[in-house]
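>
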Amino acid sequence: MTSTASTSTTAPIPDPAEVQPRILRVLVASQVLSGAGLAAGVTVGALLAQDMLGSTSLAGLPSALFTAGSALTAVTVGRISQARGRRPGLAAGYLTGAIGSAGVITAAVLDNPVLLFIALFVYGAGTATNLQARYAGADLAPPGHRARAVSTVLVATTLGGVAGPNLAAPAGTLAERLGIPHLAGLFVISGAAYALAALVLALWLRPDPLLLARTIAQAEEADAAAKPADAEAADTTEGRGGVVLGALVMILTQLVMVAVMTMTPVHMHDHGHSTAASGLVIGIHIGAMYLPSPLTGWLVDRHGRMKIAAASGITLLAAGILAAAAPGDSVLLLALALALLGLGWNFGLVSGTAIITDTVPLATRAKTQGLVDVSIAIAGATGGMASGLVVAATSYPGLALTGGALSLALLPAVAATAYRR
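In this note's numbering, the protein residues as written are 256 to 676.
Here you go:
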């Protein structure tokens, strides 16, 4: 199936079946580190803003800013990856996230909210890069195993993502000893984690999965007969529909997840819960976002992208209802609601990513994936910004119910696409 040498050189082309396990191991190592990095902004970003500004209505701004920053990074990482491969694109993204973490720490020391918001925007590069890495896992995977390859990369984020928020208390103590405000302690961890993730990728993500996939495809095309024009046109039409559906699934799940997640620590803080308690709930949430990935990948490959995409909408609705009904003093019920929120997001991300990867050709894959992730990031920024305003105007239960209702829009979209096929 795979040519052993290119048409222009005698150098052998590596077998993707042999290379893929190594690629996944390197991506897993970087994701474990980056998982700890992205958890900082989720856990204490809103609390830092609330502490500096003394206002709950703008507590969603940090989430909006680092999500907006991730939108810009998604384009940049996608373009770098398109031109030079996954390795330089992902490494540059994580390094930028580390710089943003250092900026947040500086802003906290100076008590400067303007610098905080600028730094959070830069910090968002780590979030975008963490998500872009999932595409690298699928570059060399055969079509029937792409969702599982994506899920392997995603699940690696669990270790760092769960551990990160629960380091809030000791990190805060360490920060105070260093003369840094307590809430900025997690950003010390995030900066180091992102820098190490960049180093791991720069040194060991070889051969580059996207560049190798292109080389293999070119070798196969050189040996194959010309593709019929009508078949190519059919692929192009299906590709457009797949990109739209895959993007819609991930956009809606991101919007709902970010909105509810952002205001949960603030909601808990207002009901007298400690930073450690909110860190535990967010840790469980992030675990539910990534830990089920192997099962989700198997379900997507086995039962189809459409069914799992529909399941994401139903799960997010259940999360919104439970979060709205949970008493403010119940850590257990809030944790369960956030776990369902993370699971619904996981269903949407894995199924949506598989749809996109299936339908976008290698020649434009990284660029298109970057543009799709921009839309996802904008949706997250919108959710983060609107969340504080909705809570200030109504309540946290009102926000949760609104998010659950929005998630139901996935069902007619999936049904319409399935009907057309």
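The C-beta atom is built at its ideal place from N, Cα and C for all residues, glycine as well. Because the structure is a prediction, the values reported are computed rather than measured.
Could I get the ranges of all uninterrupted alpha helix (DSSP H) runs contained in the segment 368–435, with 4 residues as the minimum, in chain order?
368–393, 401–410, 412–421 and 423–432
> How about VAL408 and VAL555: are their beta carbons less than 8 Å apart?
For the purposes of this step, residue 408 is taken as the residue at position 153 of the sequence shown. For the purposes of this step, residue 555 is taken as the residue at position 300 of the sequence shown. In this structure, VAL555 does not lie closer than 8 Å to VAL408 by Cβ.
> So ASP463 is in the alpha helix (DSSP H); what residue range does that whole segment cover?
Numbered from its first residue, the sequence shown carries residue 463 at position 208. Looking at the DSSP string, ASP463 is not in any alpha helix (DSSP H), and its letter there is neither H nor E.
> How about ALA621 and GLY333: are their beta carbons less than 8 Å apart?
Here residue 621 is taken as the residue at index 366 of the sequence shown, counted from 1. Here residue 333 is taken as the residue at index 78 of the sequence shown, counted from 1. Pairing ALA621 with GLY333 gives a Cβ-Cβ distance under 8 Å.
> Within a Cβ cutoff of 7 Å, which residues of the same chain sit near ALA272, ignoring the five residues on either side of it in sequence?
The sequence position of residue 272 within the sequence shown is 17, counting from 1. So the list is empty, once near-sequence residues are dropped.
> The alpha helix (DSSP H) spanning VAL443 covers which residue range?
As a working mapping, residue 443 is identified with position 188 in the sequence shown. From DSSP, the alpha helix (DSSP H) with VAL443 extends over 440–459.
> Closer than 7 Å by C-beta to VAL536: which residues in its own chain qualify, once you throw out the five before and the five after it? Chain order, please.
To locate residue 536, count along the sequence shown from 1; it is residue 281. So the qualifying residues of the chain are THR519, MET523, VAL586, LEU589, ALA590 and LEU593.
> Within 10 angstroms of its Cβ, does LEU365 collect 16 or more other Cβ (buried), or is it exposed?
For the purposes of this step, residue 365 is identified with residue 110 of the sequence shown, where counting begins at 1. Result: exposed.
> Taking C-alpha atoms, which residue in ASP306, VAL499, ALA426 and ASN385 lies nearest to SER630?
Here residue 630 corresponds to residue number 375 of the sequence shown, with the count starting at 1. Comparing Cα-Cα distances from SER630 to each of ASP306, VAL499, ALA426 and ASN385, the minimum goes to VAL499.
> Which class does PRO547 belong to by DSSP, given the choice of helix, strand or coil?
In the sequence shown, the residue the question calls residue 547 occupies position 292. Here PRO547 sits in coil by DSSP.
> Got a sec? Which residues, its chain only, sit under 8 Å from GLY399 by beta carbon, not counting five neighbours each side?
In the sequence shown, the residue the question calls residue 399 occupies position 144. Within the same chain, Cβ atoms closer than 8 Å to the Cβ of GLY399 are found at ASP556, the five residues on either side in sequence being excluded.
> Would you mind working out which of PRO425, ALA404, PRO368 and GLY355 sits nearest SER606, comparing C-alpha positions?
As a first step, residue 606 must be located in the sequence shown, where it is residue number 351. Scanning PRO425, ALA404, PRO368 and GLY355 for the CA closest to the CA of SER606 turns up ALA404.
> For PRO582, which three-state DSSP category applies?
Indexing the sequence shown from 1 puts residue 582 at position 327. In the structure shown, PRO582 sits in coil (DSSP, three-state: anything other than H, G, I, E or B).
> Do you know how far the Cα of LEU663 is from the Cα of ILE569?
Position 314 of the sequence shown, counting from 1, holds the residue named residue 569. Position 408 of the sequence shown, counting from 1, holds the residue named residue 663. Cα-Cα distance, rounded: 7 Å.
> Taking the alpha carbon of VAL410 as the point to measure from, which residue in PRO267, PRO549 and PHE602 has its own alpha carbon closest?
Counted from its first residue, the sequence shown places residue 410 at position 155. Selected option, being the one with the closest Cα: PRO549.
> Taking just the CA atoms, how far does GLY501 sit from ALA489?
For the purposes of this step, residue 489 is taken as residue 234 along the sequence shown, with counting starting at 1. For the purposes of this step, residue 501 is taken as residue 246 along the sequence shown, with counting starting at 1. With a pLDDT of 38 at ALA489, under the threshold of 50, the predicted position of this residue should be treated as unreliable, though the coordinate-derived value follows. In a straight line, the C-alpha of ALA489 is about 18 Å away from that of GLY501.
> Return the Cβ separation of LEU370 and LEU320 in integer angstroms, given the expectation that the two are a contact with Cβ distance under 8 Å.
Here residue 370 is taken as the residue at index 115 of the sequence shown, counted from 1. Here residue 320 is taken as the residue at index 65 of the sequence shown, counted from 1. Their Cβ separation, rounded to whole angstroms, is 12 Å, which puts LEU370 and LEU320 out of contact at 8 Å.
> Do GLY379 and THR328 count as a contact pair if the criterion is CB distance below 8 Å?
Mapped onto the sequence shown, residue 328 falls at position 73. Mapped onto the sequence shown, residue 379 falls at position 124. In contact: THR328 and GLY379 (Cβ atoms closer than 8 Å).
> Would the segment 559–579 count as touching the segment 632–645 if we require 3 or more Cβ pairs under 8 Å?
no
> Flag this pair as yes or no: are the beta carbons of GLN624 and ILE610 separated by less than 8 Å?
Stepping through the sequence shown from its first residue, residue 624 is reached at position 369. Stepping through the sequence shown from its first residue, residue 610 is reached at position 355. Taking 8 Å as the Cβ cut-off, GLN624 and ILE610 do not qualify as a contacting pair.
> For SER356, count neighbouring Cβ atoms within 10 angstroms of its own Cβ and tell me buried if that reaches 16, exposed if not.
The residue labelled residue 356 in the question sits at position 101 within the sequence shown. Buried, by the Cβ-count rule.
> Find out if the Cβ-Cβ distance for the pair GLY415, ALA447 is shorter than 8 Å.
Translated into positions along the sequence shown, residue 415 becomes position 160. Translated into positions along the sequence shown, residue 447 becomes position 192. Not a contact, by the Cβ cut-off of 8 Å.
> Helix or strand or just coil, what does DSSP make of LEU663?
Counted from its first residue, the sequence shown places residue 663 at position 408. Assigned with DSSP and collapsed to three states, LEU663 falls in coil, not helix or strand.
> Quick check: what's the CA-CA separation for ALA346 versus TRP553?
Along the sequence shown, read from residue 1 onward, the residue named residue 346 stands at position 91. Along the sequence shown, read from residue 1 onward, the residue named residue 553 stands at position 298. Looking at the two C-alpha atoms, the distance is approximately 29 Å.
> In or out: SER529 buried (at least 16 other Cβ within 10 Å) or exposed?
Translated into positions along the sequence shown, residue 529 becomes position 274. Exposed.
> If you draw a straight line from the alpha carbon of ILE326 to that of GLY348, how long is it in whole angstroms?
The residue you call residue 326 lines up with position 71 of the sequence shown. The residue you call residue 348 lines up with position 93 of the sequence shown. For the sequence presented, residue 326 should be read as Ala rather than Ile. Roughly 12 Å between the two C-alpha positions.
> For a quick check, are the C-beta atoms of GLN509 and ALA634 less than 8 Å apart?
Within the sequence shown, the letter at position 254 stands for residue 509. Within the sequence shown, the letter at position 379 stands for residue 634. Yes.
> Taking buried to mean at least 16 other C-beta atoms within 10 Å of its own C-beta, is GLY597 buried or exposed?
Numbered from 1 along the sequence shown, position 342 holds the residue referred to as residue 597. When all chains shown are included, GLY597 counts as buried.
> Let's test the definition: count the other Cβ atoms within 10 Å of the Cβ of ASP463 and tell me whether it reaches 16, buried, or not, exposed.
Here residue 463 is taken as the residue at index 208 of the sequence shown, counted from 1. When all chains shown are included, ASP463 counts as buried.
> Name the two residues that bound the continuous alpha helix (DSSP H) containing ALA641.
Locating residue 641 in the sequence shown gives position 386, counting from the first residue. Per DSSP, the continuous alpha helix (DSSP H) segment holding ALA641 begins and ends at 620–648.
> Buried or exposed: which applies to HIS540, given that a residue is buried once 16 or more other Cβ atoms fall within 10 Å of its Cβ?
Here residue 540 is taken as the residue at index 285 of the sequence shown, counted from 1. Buried: at least 16 other Cβ atoms inside 10 Å.
> Going by the CB atoms, is the gap between ALA474 and ILE278 shorter than 8 Å?
The residue given as residue 278 occupies position 23 in the sequence shown. The residue given as residue 474 occupies position 219 in the sequence shown. Taking C-beta atoms as the reference points, ILE278 and ALA474 fail to come closer than 8 Å.
> By Cβ distance, which residues of its chain are closer than 7 Å to LEU666, with the 5 residues on each side in sequence left out?
Taking the first residue of the sequence shown as position 1, residue 666 is located at position 411. Excluding positions up to five away in sequence, the list reads ALA565 and GLY568.
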